[in-house]
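Encoded as structure tokens, the structure appears first; notes follow it.
Numbering (my numbering), first residue to last: -7 to 588.
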């Protein structure tokens, strides 16, 4: 509760710390008017609008002539400003903040003790006012300079000035704290890149470094020093354009790497790629980037949020925190671009960027955990494949040892057949030859099954599935293979057969374990997917989401590796996807695959 009260006081201080705006009128002339006679020209002073100043400033930004800067406000040699106080201004000490102009002479009296000073980058002068003695209108002779911003002045009482000084110092402290948070996330990602060599961390570090520069300009920390001075502001705006455009480019690189759009959202990855190319062209060819003029970057961020949502729906958990962070950034950008920010104590873009940085830190933590888990999965898969390779080598040795006896038995049968011409013996000899051929082919099939192959090859799904069925002893179980046509894909054949073997063995075990009266396994293969289902009653609802987890098994002596490895092989190696659900009769595993 105390923290809530302190935060309320903090934000109310930032919101309420404000002075009273004064009416500032200006007068441009070539005549060097004496300070004692300037009052005669009071009728020529008028209020300048920002639109009038901006029209002239466009000459500076877009005219390529060398003397374009000199055209700005250079038609008149001297500039005067007039300040008018309210009739109800009471006697006392006051402070005036004057923005976008400085002055050398004034019509304040010596008794008013005018004192010029700067505080936190802002210019002020203090004076004493006696309502019964002093005038309510004063003239200031400005220092000549190139300027396009309307002069402004704000009057502070002792109390409001003290409140402003405290709140502005607090505001700067808060800004630098938030900038520090964002910058530290950049450093953190740089360290992660050095440790993991993950490009998304590098892109995010560079993006945040440039974003800090954007945010410093977006606030008034830099603008109070350059605003009003055309040459200084030209330089500041030029660097601001570069910072924004480069930040957008690294944002796009980061999105594609972090969300892995090339692998999982190929269509959207192409769109992001084209946007990146456009941003590079926009940065190199145009002095004033088109993306800034048309505020396209706001819609780019919106599109990024949509892409993050699509990745989250695919089951990518880090995308959820990414979505929260970038939604906050998107809101900050839209408020900054399309709404007045008077209702906020600090810049909305700074708030949105800080929230984004915090949520991205959580998302990156999830990313790190997924990278670690993926390495563990790859390690276990390598161990599994090593075991399979050892089994293949062992079967190769067995096949070599068995080949000669089988061959000799074949020759013996041929000799017997040539000597014995009886029909009943011929049938038995033919049957014995077929058994020898089957034994030899079975040894070859097992050897090839466990022989690792690192290159993709073209194979027919139906044919290879039938070979796996032939390897298993499924005499007591009805196996129905539904396939209307041959379906050829390019992928890892032996790994595909390992997955089918795992699924069929699991179905066989559960059918025998539950003693189903008419056990049946149905395999359906079409252009979109391959499914394997049984009629054993299905998987318990509490376990159906766990079947692909490592070391989870409902069998008494099960290791919990088969389905986990099957999912790893299909989704990591073969680029497909495996799903499980309960049908009316039992469990159904569906393998979605790509033909290439």
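All C-beta atoms in this analysis are idealised placements derived from N, C-alpha and C, irrespective of residue type, glycine included.
Check, Outcome
"Counting along the chain, where does the alpha helix (DSSP H) carrying residue 455 start and finish?", "453 to 463"
"Is it right to say residue 104 is buried, meaning 16 or more other beta carbons lie within 10 angstroms of its own, or is it exposed?", "buried"
"Using 8 Å as the cut-off, can you tell me whether the region 233 to 248 makes contact with the region 184 to 198, which would need three or more C-beta pairs spanning the two stretches below that distance?", "yes"
"Taking 8 Å as the threshold, find out whether the region 123 to 131 comes into contact with the region 298 to 309 through three or more Cβ pairs.", "no"
"Can you give me the C-alpha to C-alpha distance between residue 512 and residue 579, rounded to a whole angstrom?", "12 Å"
"Under 9 Å, do residue 256 and residue 308 count as touching if we go by C-beta distance?", "yes"
"Would you mind working out which of 250, 237, 249, 297 sits nearest residue 269, comparing C-alpha positions?", "237"
"Could you give the DSSP three-state label for residue 84: helix, strand or coil?", "strand"
"What's the gap between the Cα of residue 609 and the Cα of residue 489?", "With the chain running from -7 to 588 in the structure shown, residue 609 is simply not present."
"Of all the options 293, 482, 354, which has the alpha carbon lying nearest to the alpha carbon of residue 341?", "293"
"Can you tell me which of 461, 167, 319, 286 puts its alpha carbon nearest to the alpha carbon of residue 338?", "167"
"Applying the criterion that 16 or more other CB atoms from any shown protein chain within 10 Å of the CB defines a buried residue, is residue 39 buried or exposed?", "exposed"
"Can you give the Cα-Cα distance for residue 209 and residue 326, rounded to whole angstroms?", "17 Å"
"Is the beta carbon of residue 250 sitting closer than 9 Å to the one on residue 192?", "yes"
"Whose C-beta lies closer than 8 Å to the C-beta of residue 188 among residues of the same chain, with five residues either side of it excluded?", "360, 363"
"Taking all protein chains shown into account, do 16 or more other C-beta atoms lie within 10 angstroms of the C-beta of residue 82, making it buried, or fewer, making it exposed?", "exposed"
"Assuming residue 73 contacts residue 16 under a Cβ cut-off of 8 Å, what Cβ separation, rounded to an integer in Å, is found between them?", "6 Å"
"On the DSSP bridge assignment, give the partners of residue 590 in chain order.", "Residue 590 is absent from the model: the chain starts at -7 and stops at 588."
"Measure the C-alpha to C-alpha separation of residue 32 and residue 20 and round it to an integer number of angstroms.", "14 Å"
"Should residue 324 go down as buried or exposed, given a rule of 16 or more other Cβ atoms within 10 Å for buried?", "buried"
"With a CB to CB cut of under 6 Å and the five nearest residues on each side skipped, what residues in its chain are close to residue 260?", "253, 299"
"Under 9 Å between the Cβ atoms of residue 562 and residue 529?", "no"
"Could you check the C-alpha separation between residue 86 and residue 122 for me, to the nearest Å?", "11 Å"
"When the Cα atoms are used, what is the spatial distance from residue 25 to residue 96?", "13 Å"
"Please say whether residue 278 and residue 235 have beta carbons closer to each other than 9 Å?", "no"
"Buried or exposed for residue 276, going by 16 or more other Cβ atoms inside 10 Å?", "exposed"
"Apart from the five residues just before and just after residue 69, which ones in its own chain have a Cβ nearer than 6 Å to its Cβ?", "22"
"With H, G and I counted as helix, E and B as strand and the rest as coil, what does DSSP make of residue 578?", "coil"
"Name the residue from 75, 344, 161, 182 whose alpha carbon lies nearest to the alpha carbon of residue 144.", "75"
"Please identify the residue among 343, 355, 459, 274 whose C-alpha is closest to the C-alpha of residue 314.", "355"
"Find out if the Cβ-Cβ distance for the pair residue 466, residue 495 is shorter than 9 Å.", "no"
"Expressed to the nearest angstrom, what Euclidean distance is found between the alpha-carbon atoms of residue 505 and residue 565?", "32 Å"
"For residue 483, name the three-state secondary structure that DSSP assigns.", "strand"
"For residue 12, which beta-bridge partners are listed by DSSP?", "147"
"Please identify the residue among 367, 462, 567, 544 whose C-alpha is closest to the C-alpha of residue 481.", "567"
"So residue 133 is in the beta strand (DSSP E); what residue range does that whole segment cover?", "129 to 134"
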